[in-house]
Amino acid sequence: YAFFTGKPRWSRSIPITLTYAFSKEYVINSLSMLEIKDAFQRAFNHWASVIPVTFMESNDYGFADIKIGFYKGDHGDGESFDGVLGVLAHAFSPETGRFHLDAAETWAVDFEREKSDVAIDLESVATHEIGHLLGLAHTSVQEAVMFPSLKPREKKVDLKMDDIKGIQALYGSNPNFSYKALSESDTSTNNG
Amino acid sequence: PCLSTRTKTFFSPSKTINPTNHDHKFQTYTWHEFKFFVDASKGNKINGISELKKYFHRFGYMKMDYNSLNFTDLFDDHLEHALIKYQEKLGLLVTGKLDENTVSQIISPRCGVSDSTPKLFMHAKRN
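As you go down the protein sequences, you meet chains A and B in turn.
150 is the number that the numbering used here gives to position 150 of the first sequence; each next residue is one higher, with no gaps.
1062 is the number that the numbering used here gives to position 62 of the second sequence; each next residue is one higher, with no gaps.
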């Protein structure tokens, strides 16, 4: 695992509660808002289960800690999106909270329903980008959520040992978290 | 994307790889045409390989100032160095060459955050 320069993290005292909100302006129509919110809730829960951080959805976009939106092309932060595939999303390090997804992607929450060859799993990308929002940079461990690439129709939502050790180095462990909950393959792969 | 049916044809100068191009004809597989660089070797001038240099610069493998960097189509030491850093960072076999595994990784969709020290904007403080 790796951190951003200076090892930034959300500095408020633990346990931390972070609010998140979706832009009402920068949206996609291919998925319902309910489907999008469900996917993000699952993504936030992956991280919340291992660190003492709680994520709460808010309707107040302006005051939310984490601001989520789907943008096309040049959207004002100097890193334009590039259409289908290529760059899928990006997020800022703590404590900025901006989370941008490329609206041009074929975002999917169910590959049985979305048959496109270029479908991208929303929960997987959300889980990865939340790692950035919390302070993790890209890892070299290919199985880990924080590995930088994700192929179309690939699903990678379960945190691996590398992800967990990295994020717990920043925030400590959730008191309810146990390594026993991880599958044996995760443990053995990463101990190696 | 897979490279099982790779051709030996190098990138045609009549085509344009432009990851920031929003024209629909380029929106099927961004970076996909990098597959034509498989087996390209150092010292050769290869049409379009300057786009690969821009890719490596964008994701933190070429540290030089973008404005002063001359992205030529020569497979030079800078590109080889970036390639080695890329292979090391992503756990690939470090060959310094554009082998199939490396190119396959390069053309995969990915997160826009840099792989090395993320750029300043990604690290902005709340104001």
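All C-beta atoms, glycine included, are put in the ideal place defined by N, C-alpha and C.
All of these numbers come straight from a predicted model, not from anything done at the bench.
>> According to DSSP, is residue 42 of chain A part of a helix, a strand, or is it coil?
In response: helix
> Is the Cβ of residue 87 of chain A closer than 8 angstroms to any Cβ of chain B?
Replying inline: yes
>> Quick check: residue 1080 of chain B and residue 1042 of chain B, are their CB atoms within less than 8 angstroms of each other?
In response: yes
> Is it true that the CB of residue 117 of chain A sits closer than 8 angstroms to the CB of residue 144 of chain A?
Replying inline: no
> Unbroken alpha helix (DSSP H) runs of length 4 or more, entirely within the segment 1039 to 1090 of chain B: which are they?
Replying inline: 1049 to 1058 and 1077 to 1089
> Residues in its own chain within less than 8 angstroms of residue 8 of chain A by CB, not counting five upstream and five downstream?
Replying inline: 93, 94, 95 and 135
> Roughly how many angstroms separate the alpha carbons of residue 1095 of chain B and residue 142 of chain A, rounded to a whole number?
Replying inline: 18 angstroms
>> Let me see if you follow: with CB-CB separation under 8 angstroms, is residue 1096 of chain B close to chain A or not?
In response: no
>> Out of A/24, A/46 and A/121, which one is the CA nearest neighbour of residue 176 of chain A?
In response: A/46
>> Report the CB separation of residue 28 of chain A from residue 103 of chain A in whole angstroms; it is logged as a contact under 8 angstroms.
In response: 5 angstroms
>> Please list, in chain order, the residues of the segment 1076 to 1095 of chain B that have any C-beta partner in chain A closer than 7 angstroms.
In response: 1089, 1090 and 1091
> CB residue 69 of chain A to CB residue 100 of chain A, shorter than 8 angstroms?
Replying inline: yes
> In chain B, which residues lie less than 7 angstroms from residue 140 of chain A when you measure between Cβ atoms?
Replying inline: 1089, 1090 and 1091
>> According to DSSP, is residue 1035 of chain B part of a helix, a strand, or is it coil?
In response: helix
>> Tell me the DSSP secondary structure of residue 1102 of chain B in three-state form.
In response: helix
>> Would the segment 42 to 60 of chain A count as touching the segment 147 to 165 of chain A if we require 3 or more Cβ pairs under 8 angstroms?
In response: yes
>> For a test of the three-state rule: what should DSSP assign to residue 47 of chain A, helix, strand or coil?
In response: helix
> With 16 other CB atoms within 10 Å as the buried threshold, where does residue 12 of chain A fall?
Replying inline: exposed
> Starting from residue 125 of chain A and walking both ways along the alpha helix (DSSP H), at which residues does that stretch end?
Replying inline: 122 to 134
>> Would you call the segment 12 to 24 of chain A in contact with the segment 58 to 67 of chain A, where contact means no fewer than 3 C-beta pairs closer than 8 angstroms?
In response: yes
>> I'd like to know whether the C-beta atoms of residue 43 of chain A and residue 127 of chain A end up nearer to each other than 8 angstroms.
In response: yes
> Does residue 126 of chain A have its Cβ less than 8 angstroms from a Cβ in chain B?
Replying inline: no
>> At the 8 angstroms Cβ level, is residue 152 of chain A part of the contact set with chain B, yes or no?
In response: yes
>> Report the CB separation of residue 122 of chain A from residue 36 of chain A in whole angstroms; it is logged as a contact under 8 angstroms.
In response: 7 angstroms
> Thinking C-alpha only, which one of A/57, A/51, A/86 and A/76 is nearest residue 151 of chain A?
Replying inline: A/86
> Just how far apart, CA to CA, sit residue 1083 of chain B and residue 83 of chain A?
Replying inline: 25 angstroms
> Straight-line CA distance for residue 1102 of chain B to residue 1078 of chain B?
Replying inline: 17 angstroms
>> Strictly below 9 angstroms CB to CB, what residues from chain A border residue 1050 of chain B?
In response: Correct list: empty, because the minimum Cβ distance to chain A is about 17 angstroms.
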